[in-house]
Each structure stands twice: as structure tokens, then as C-alpha cells.
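Engineer: Take this structure first; my questions come after.
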Amino acid sequence: MNYSLRKLKPDIENELKHYREHFKDKVVFCNCDDPEWSNFWQFFSLQFEFLGLKKLIATHFEDEKQSYKLEMWRDEAGVHSGIKTLQQNGDFRSPESIELLKEADIVVTNPPFSLFREYIAQLMEYDKKFLIIGNKNAITYKEFFLLLKDNKVWIGYNNVKEFRQPDGSMKKFGNIGWYTNLDIKKRHEELVLYKKYTPEEYPKYDNYDAINVDKVSDIPIDYDGVMGVPITFLDKYNPEQFEIMGITLGTTVDYSMTTIYENAIQHNQNGSTQGGGKVNTRAAVLVKEKPAKVYYTADNVDGYLISIYPRILIKKKRQ
27 MNYSLRKLKP
37 DIENELKHYR
47 EHFKDKVVFC
57 NCDDPEWSNF
67 WQFFSLQFEF
77 LGLKKLIATH
87 FEDEKQSYKL
97 EMWRDEAGVH
107 SGIKTLQQNG
117 DFRSPESIEL
127 LKEADIVVTN
137 PPFSLFREYI
147 AQLMEYDKKF
157 LIIGNKNAIT
167 YKEFFLLLKD
177 NKVWIGYNNV
187 KEFRQPDGSM
197 KKFGNIGWYT
207 NLDIKKRHEE
217 LVLYKKYTPE
227 EYPKYDNYDA
237 INVDKVSDIP
247 IDYDGVMGVP
257 ITFLDKYNPE
267 QFEIMGITLG
277 TTVDYSMTTI
287 YENAIQHNQN
297 GSTQGGGKVN
307 TRAAVLVKEK
317 PAKVYYTADN
327 VDGYLISIYP
337 RILIKKKRQ
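Taking our numbering, the leading residue of the sequence shown gets 27, the next gets one more, and so forth.
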């Protein structure tokens, strides 16, 4: 089931308060949030004059029949609202919705998780500013990671904890957040570094030209090479302080593996073994002593390999 459904208003207010300056005299389009129940519509309609919006548009979706749009706009006579019939079903991919997208300055919505790649591609094609909700796992999608790497998209302020479903029940999530290309203060805040580099604490990967950093707070202040840091680093990413080089998921974008392991075998804690191809999809640290946890061996390696959870590969910029 797709849970990109009703958004709780407090989450919207907590995020949108950081973007007020972006909305003055702008057309806002909610193209995946039905105005019948959307808290996005409720928020923007109530804050229409406070934010100084020029126009607000939300489309209703129907599977196989005509739909409608709800609009609110401002002119010399004041603020008005009205419903207008659509000839199509209100899907964000429909020609009518695309024409509305062209009119919009900023898109704010909760797109279907299952269509996230397609939705983002459309926003980029039409060069739109946006603030949207998405799964944090989208970071690992190749096309979307490229946008993060090239500073065309970044992470917002908060996580989203709950969604209200059509039957009124609540669905909790633990890995949902905001993505945007609207400039925000947090992406200009410098991450304070204090730890010193040692080869013992920061082992070098065997298959990437980078060292491993287990915690974002442990990024060494005195290391100028490439570092693999947890994906949560993107919550603290300042493009003026760091450069994103790649991600440790196989042959990554612009920063590939230096070694491919031959005939790799995975050794499980219970003593069983299985094919070890997984070690060629992530960074690995080579150790001489047999680990107590899951490890890998390969024909072209003398020792034992420990596979590391996906890491963002970064480098400090010279100050």
C-alpha cells in the first residue's frame, strides 16, 4: 500500500516555518495532495495572506474519470477561491497537471513513494523549486544521489513521523523526511570538527581509496583525503565545507571501486557459508584476524573482509 497520504499539520508547520521568505508573490502547486483533505491545502490557505502568496493550486485525483482543481488567488480586489473542473483525472503526469506545473513557482507536496523517481525527474525537467516529502532511502537511488551530489537537491530540517490514512487510522514511519532545492540556513552551518586522524581509528577501505568514519561527529579535522561517512551526514552537509565524491554502492558515480573481489564467499556467524557477491556492492575493510561477526574471503585477498554499511564519500574543501 502506498502511504503518501494525509500529512499531519504539525509536521508541515514545523518544516514550513523555515521557508517563509521563499513564498512571497509566488504560485504554489500541491499536485499530489487532494484538497478535500490535504493538510498542505489547509496550511497554505490559512497562511495565504501571511505568506503573501499570489496563488495556491491543488488537484484532486480520480482513477478513471474527470477530476477538479481547487484554487485560491489574490488580485486587486482581494483574495478569492474556487473549484474548476479538469478534463483529465488530476494525475501529476497528466497534460493538464503539467500545464499547472509550468505555471507554478514552488511545488509543495507529498508525492507517491512508489513514483518518487518519476516525480523528481519531472520537477527537474521543468526546473521547479520544491519542498516535498520522501523516503530517506531515496538517497541511494542512483539518479537521485546525483542530484544530491551536484547540489541540486538537499535535505530539509525535520523527519516526518506519522501519516493519517483515508480510514482515519495512523501509520508511523521511521525514515521519512523532506527534500528541497529552496535555500535554507542549515546548509550553510559549518559542522564543528574536533577529532584527530589516526590510522588505527580510521581504517582505509580495501576496495575504495578512502578511510572509514563510523560517526558524523567523528569526522577528523586534520584529514584532507576522501572519507566514507554514514548517510546521516547529509543532514549536516554544508557544500561550502565539504564536497560529495560518491557513495559506496558498487561502482559508484564518479568514484568507483579500486578492487573487485573474485569468487567471494560470505562466512556467517553460525559457521555456514554462501555466495559473497554482496561484498562487491559496498566498501570493505581488510583485517588479518578472523572476525567474530559476518565476514568475507576472496581468491584475490589475503585476509578477511568486513563489509561496511553504505557510506557517503566526502572530502573537505580547503578553507
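Using N, Cα and C, we set each Cβ at its ideal position, and we do this for glycine too. Since we're looking at a predicted model, the values are computed, not measured.
V252 to I38, Cα distance in whole Å?
Structural biologist: Their Cα atoms are separated by approximately 36 Å.
Engineer: Residue range of the beta strand (DSSP E) that W99 falls in?
Structural biologist: Segment 94-101, the beta strand (DSSP E) holding W99.
Engineer: At what residues does the alpha helix (DSSP H) containing I146 begin and finish?
Structural biologist: First-last of the alpha helix (DSSP H) with I146: 142-151.
Engineer: Within the continuous alpha helix (DSSP H) that includes F66, where are the two ends?
Structural biologist: Run containing F66: 65-72, per the alpha helix (DSSP H) assignment.
Engineer: Excluding sequence positions up to five away, which residues of its chain have a Cβ less than 6 Å from the Cβ of K33?
Structural biologist: Here the model assigns K33 a pLDDT of 46, short of 50, so the residue's position is not dependable, and the following value carries that caveat. So the list reads N65, N136, once near-sequence residues are dropped.
Engineer: Between N28 and the rest of its own chain, which residues show a CB-CB distance below 7 Å, the 5 nearest in sequence each way excluded?
Structural biologist: Because the pLDDT of N28 is 36, which lies under 50, any placement of that residue in the model is unreliable, and the question is left without a value.
Engineer: Grouping DSSP H, G and I as helix and E and B as strand, with all else coil, what is H106?
Structural biologist: If DSSP states are grouped into helix, strand and coil, H106 belongs with the strands.
Engineer: Could you tell me whether the segment 142-157 touches the segment 113-133, where touching means 3 or more Cβ pairs closer than 8 Å?
Structural biologist: As far as the Cβ criterion goes, the segment 142-157 touches the segment 113-133, which means the pair count is three or higher.
Engineer: Just curious, the beta strand (DSSP E) that F118 is in, first and last residue?
Structural biologist: Element bounds for F118: n/a, residue is neither H nor E.
Engineer: Determine whether the beta carbon atoms of A309 and I334 lie at a separation below 8 Å.
Structural biologist: Contact flag set, yes.
Engineer: Can you give me the C-alpha to C-alpha distance between V54 and L331, rounded to a whole angstrom?
Structural biologist: Near 51 Å, if we compare the C-alpha coordinates of L331 and V54.
Engineer: Does S298 come out as helix, strand or coil in the three-state DSSP assignment?
Structural biologist: If DSSP states are grouped into helix, strand and coil, S298 belongs with coil.
Engineer: Under 8 Å, do D232 and T285 count as touching if we go by C-beta distance?
Structural biologist: Cβ distance < 8 Å, so D232 and T285 count as in contact.
Engineer: Where in the segment 204-273 do unbroken runs of the alpha helix (DSSP H), each at least 4 residues long, occur, reported from the N-terminal end onward?
Structural biologist: Counting only runs of 4 or more, we get nothing.
Engineer: What does the alpha-carbon distance come out to for the pair T224 and E47?
Structural biologist: Those two C-alpha atoms are separated by around 44 Å.
Engineer: On a CA-only basis, which of D240, V218, R213, Y234 is nearest E226? Give me that one, please.
Structural biologist: For the residues D240, V218, R213, Y234, the minimum Cα distance to E226 belongs to D240.
Engineer: Just curious, the alpha helix (DSSP H) that K81 is in, first and last residue?
Structural biologist: Segment 81-85 is the beta strand (DSSP E) holding K81; no alpha helix (DSSP H) there.
Engineer: Whose C-alpha, out of F118, E269, I146, is nearest the C-alpha of N177?
Structural biologist: The shortest Cα separation from N177 among F118, E269, I146 belongs to E269.
Engineer: Please name the residue in N238, P336, K50 whose C-alpha comes closest to that of K304.
Structural biologist: Looking at the Cα atoms, P336 is the closest of the given residues.
Engineer: What does a CB cutoff of less than 7 Å around E215 pick up in its chain, not counting 5 residues either side in sequence?
Structural biologist: If we look at E215 and ignore the five residues flanking it on each side, its Cβ neighbours are N264.
Engineer: Can you give the Cα-Cα distance for T323 and Q295, rounded to whole angstroms?
Structural biologist: Roughly 14 Å between the two C-alpha positions.
Engineer: Classify A164 as helix, strand or coil using the three-state DSSP reduction.
Structural biologist: Helix at A164.
Engineer: Is I286 helix, strand or coil by DSSP?
Structural biologist: Residue state, collapsed to three classes: coil.
Engineer: Do E45 and L260 have their C-beta atoms within less than 8 Å of each other?
Structural biologist: First, the amino acid is wrong: residue 45 is Tyr here, not Glu. Cβ distance not < 8 Å, so Y45 and L260 don't count as in contact.
Engineer: Who does Y322 pair with in a DSSP beta bridge?
Structural biologist: Beta-bridge pairing links Y322 to Q292, L331.
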